[in-house]
Amino acid sequence: MRFARRKCLELPRCVDLRRAYAFNRRPGDRNNRGRVGSGVPGGGAGAPTIDFSANLGLQTVASLATPVSFQASLTLDIVASVGIPTPDLRVQVSQASKTLGGTMRAAGTAPPVVTLAAGTGSLTYGSNCPGIKVRISDTSGGTGQGQAKFDISYDSGNSWAHTGVTTTASYSIPDGVAAGNVVGFPAGTYNTDQTWEGTTATVLSTEGHSYTFTQATASIQPVFRHSASTPDGKAALFFAGAQYLRSTDAAVYNIFANDPAFTLAYRVAYTAADALGTVCGPANSGSSNKKRRFGQSVLGNGRQSHSWFNDAGTNATNDSTADNTSTSAVNVEWDSAGSNSTIQVRVNNGSNQGPAGTQNIGTLTTNRFSIGAEDDNAAGVFLSGLVYDLILYSSQKGSSDLGNINTALANGTS
Amino acid sequence: MTVRHVLWAGFPGQSNNYGTNPGGSGSQTLAAVDYYDVLLPSTTPALTQVLHALDDTHGKDFELGKALNAAGYKTIIVNVCKGSTYANDWIPGGTYYAAGIAEMQRAWTLIQAKYPGDTFIHHHIADQGEEDARYPTSGIPSLWASNFAQSHAGLASSLGITFSKIWINKTHSTLNNGTPGLYSTLVNSLQLQAAGSASHFLDRDGYDWEPGGLHLTTAGYIQNGQALAAMIIAGTPMGTIATAKKNQLLNHQLNKVTYTPAATIYAHAYVAGVRVTGNGYAPASLTNNTTNWTHTTTRTKVNANPFNFPGASGGDWGVVDEIRLYEDLAGTDEIGRCTLASPQNVVNGGAALSVLAGAVTLADSGSGFSTAKMASLLNLLLGGEADAQLATVYWQYYQGAQSTGGTPQGGRVAVTQNTTWNDASNGIASTSADVTIADQALATWLVEFDAAAAGNMLFEAALPVAPPTQGKVPAGQARTLFA
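In structure tokens:
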């Protein structure tokens, strides 16, 4: 038997024979001892081989148990999801209608006032809003208008669409979604540390009502940041302190009237360790005593701790131990059943933290709701950071909804 | 009705699925997974059904079943074991083939009796290979892929099932007391070929092996089971196409009965197998056109717009764990169904249920159908696009697959479709008449075209035995099927 195995290995023709008929009895198996001969069928005389055909017979296509099969393998995959309940207010920056401001936000040494105008286009954009940014890149030919050269970006500086363009009083953007808009470089002194970014004068809410959030004063308008240039990869409003957008729609600010039930959720990233920074809140133009605010607190616990103040100035802060340097985006969800019940906060869908006992959000009349800073008759408390999304309900949502809201904020979905 | 995944560890179950009991019959328990095993030959009791509870004797199958369960897959594992075997022992006529088939058939009978009316997705898992790599004087390393193909086809034919998936555990490259197995490289390459793609071929070389490299340690089997489950989950959607719909598509393709796509596709929500009713429930719908279903040129079809259900009102719907697609509002003409990997709780007054754009995926996971042909059928079913029926097609032998550069053997033979094929049943259509086609000594594939010359390939299939010998493909010996 062992001899037979060796012979089989030594003679490839033997293997060929087995392959040709696709048979399976190896030499020495029961019922298949084989026999030694010379040559193989059709192969002529030659070296000794082992012929197994005597106890195999011929199998044919006709006798096979297995037909020739033309086969497809179809599968169906379905993913269902429950979105979030329709908010009473949502400002999803990436999806919102945005109107850019006429004066670009300047940085650097004594920058001239660079303007942005609609030109032959429009300054109102939707989800395709450009992050228009210019920088002075070359002053070797002089620092004056018509001498200094600039670069222009449509994605807030992540990439530069055109470089080395000569400054001019009226530069019509030649291509991209902002084609036709006009950047105006006035006479002045230009230096290579100067930059300008497009600001946001007006944002319409995205829950379906298109509530207007607006700011007429250019220096108080937040910058619009393109998704390519934010840490979270989503479009955002960038507030650099003392800036805000205001809504005077009663349907918005009345959500906080008379110590109501509510749920407020937002996705933000704090870029500076301000002692306090307001993300949003209702206020009254005539009295700083009527404001409430929700936002940042770094009263010892780090940049990403979060605080709430009621209209009596009572505040509470959650106990996040996040570090004091992170600029990562974070979801913050506040909810209350109203009427002196507990106001809860949770971060990134974690467990409820912060204030215990009962708190009154406030009953004093407000007449506005702002994003980015307090908006009353006194010096405000300002946010330094990015606001990606804001969701507000006039009811307290349960954990299931809060989980879905957290997912929607994180993913930028509905 | 429920979609269940049947994992056939055949052939063979190899010796070492348990880790602590290589080669032994099953005595362990596996929680919540129907587990059928038997040790061959019949020195042990015939088929036993053992409901296993997890304990410290973890093996590959334990971890596999546990991980699939955790992911929501309703799993059945059938494992016919025989230690220290060769792949050619498991092909028709092989030493263990008949006994193995008998046990598999018994298991399949029990499974169908236990879950009447349920839908089954069949997987073939191969563990074999070590012996071929170590002892080529008894095994035949060079024939590993063809041997596996024969055992695979024989198992499918004997059980009357079609496999949707093949998963292969790579034979350890290092055997024979730490030295590379004589034929490990060869067997490994053939295993990859049989698996069809790297995503169906589990590389276990980095796992925890016993000295000598033949068996995994218990820790290694835990790694193996978890990784195998992850591979299966990644490559296995949880849904199926209804058999009646498969039949309709096959009859359309074979020019038996023209399939008319639905004007509207309806999505119904289910909780534990029961369609939601009341509390504001209504199915979601999409007009069946190219606006709502993205035209495809591949083997994958997706929805371009969402199915939006109304919100629950007056009461909760419950946790929706399955979505079924129908061609009628009443929900009787089913296209297919899918268990949700993430069930959704739909509560009174809460957010509404949606199947977002791109969240329905109908796919052919690679087959004998050409990509263009499959894309056309997918566009017909979902999207309502026209798909031309052919009265005559042309068959030709090839050496190697046409799609991978095989060479034609002999000429093309005209085949009149509607007189050559039976009506499809159970997702399978078989030939009703002989197709005379000249023998070709080097033929290994049969290919179908839409023209007598040039034209487009429609299907191709490997011949189960090469070369063919009788100058024809007899009636019943060719079939077209949707697994």
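Just so you know, the sequences run in chain order A and B. So the first sequence is numbered by this note's numbering: it starts at 1 and just counts up by one. So the second sequence is numbered by this note's numbering: it starts at 415 and just counts up by one. Glycine included, every Cβ here is placed at the ideal spot set by N, Cα and C. Quick caveat, the model's predicted, so the values are computed rather than measured.
- Counting C-beta pairs closer than 8 Å gives fewer than three between the stretch 519-536 of chain B and the stretch 669-687 of chain B, which falls short of the contact rule.
- Within the stretch 68-83 of chain A, those residues whose Cβ lies closer than 9 Å to any Cβ of chain B are, in chain order, Val68, Ser69, Phe70, Gln71, Ala72, Ser73, Leu74, Thr75, Leu76, Asp77, Ile78, Val79, Ala80, Ser81, Val82 and Gly83.
- By a beta-carbon distance limit of 8 Å, Thr212/A contacts Thr202/A. Their separation comes to about 6 Å.
- Listed along chain A are Gln71, Ala72, Ser73 and Leu74, each with a C-beta nearer than 8 Å to that of Ala897/B.
- Listed along the chain, the chain A residues whose CB falls inside 8 Å of the CB of Leu860/B are Val68.
- In the DSSP secondary-structure assignment, Tyr266/A is bridged to Val332/A and Leu390/A.
- Taking C-beta atoms under 8 Å as the contact rule, Val82/A and Asn404/A qualify, at a distance of about 6 Å.
- The closest CA to that of Ser598/B, considering only Gly574/B, Leu569/B and Ile554/B, is found on Ile554/B.
- Annotated three-state conformation of Tyr635/B is helix, per DSSP.
- For the pair of segments examined, the stretch 787-797 of chain B was found not to touch the stretch 84-104 of chain A: the number of CB pairs separated by less than 8 Å stays below three.
- Listed along chain B, the residues sitting closer than 9 Å to Pro85/A by beta-carbon distance are Gly725, Gly763, Gly764, Ala765 and Ala766.
- Residue contact with chain A for Ile655/B: present (Cβ-Cβ distance below 7 Å to some residue of chain A).
- For a Cβ distance threshold of 8 Å, residue set Asn759, Val761 and Gly764 of chain B lies close to Ser400/A, ordered along the chain.
- Pairing Trp581/B with Gly728/B, the inter-Cα distance amounts to about 47 Å.
- Among the bridge pairs identified by DSSP, Glu862/B is matched with Trp809/B and Phe873/B.
- Chain-order list of chain B residues neighbouring Asn404/A: Ala765, by C-beta distance under 8 Å.
- In this structure, DSSP gives Gly412/A a state outside helix and strand, which the three-state scheme calls coil.
- Taking a beta-carbon distance threshold of 7 Å, Asp853/B does not count as an interface residue toward chain A.
- Between the alpha carbons of Asn706/B and Phe70/A lies a distance of about 30 Å.
- Gly277/A is bridged by DSSP to Gln296/A.
- In the DSSP assignment, Trp196/A forms a beta bridge with Ala106/A and Val134/A.
- Between the stretch 835-851 of chain B and the stretch 871-878 of chain B, the count of Cβ pairs shorter than 8 Å is below three; the stretches do not touch.
- The three-state secondary structure of Asn404/A, taken from DSSP, is helix.
- Comparing C-alpha distances from Leu100/A to each of Gln215/A, Thr120/A and Asp138/A shows the shortest one belongs to Gln215/A.
- By the Cβ criterion, the stretch 835-843 of chain B is not in contact with the stretch 801-812 of chain B, since fewer than three pairs of Cβ atoms, one from each stretch, lie closer than 8 Å.
- For Leu770/B, the chain A residues whose C-beta falls within less than 7 Å of its own C-beta are Ser81, listed in chain order.
- With at least 16 other beta carbons inside 10 angstroms of its own, Gln854/B counts as buried.
- When C-beta distances to chain A are compared with 7 Å, the residues of the stretch 507-518 of chain B below that value are Gly507, Gly508 and Thr509, in chain order.
- Taking a contact to require three or more Cβ pairs closer than 8 Å, the stretch 360-372 of chain A and the stretch 184-200 of chain A do not qualify as touching.
- Bounds of any beta strand (DSSP E) do not take in Gln607/B; it lies within the alpha helix (DSSP H) bounded by Ser598 to Ala609.
- Within the stretch 157-194 of chain A, the complete beta strand (DSSP E) segments of 3 residues or longer fall at 162-166 and 182-184, listed in chain order.
- Listed in chain order, the positions of the stretch 634-659 of chain B with a beta carbon within less than 8 Å of a beta carbon of chain A are Thr650, Pro651, Met652, Gly653, Thr654 and Ile655.
- For Ile737/B, the chain A residues whose Cβ falls inside 7 Å of its Cβ are Ile78 and Ala80, in order along the chain.
- Rounded to the nearest whole angstrom, the CA to CA distance from Pro651/B to Ala892/B is 28 Å.
- The three-state secondary structure of Pro697/B, taken from DSSP, is coil.
- Contact check for Ala726/B against Val760/B passes: the beta carbons are separated by less than 7 Å.
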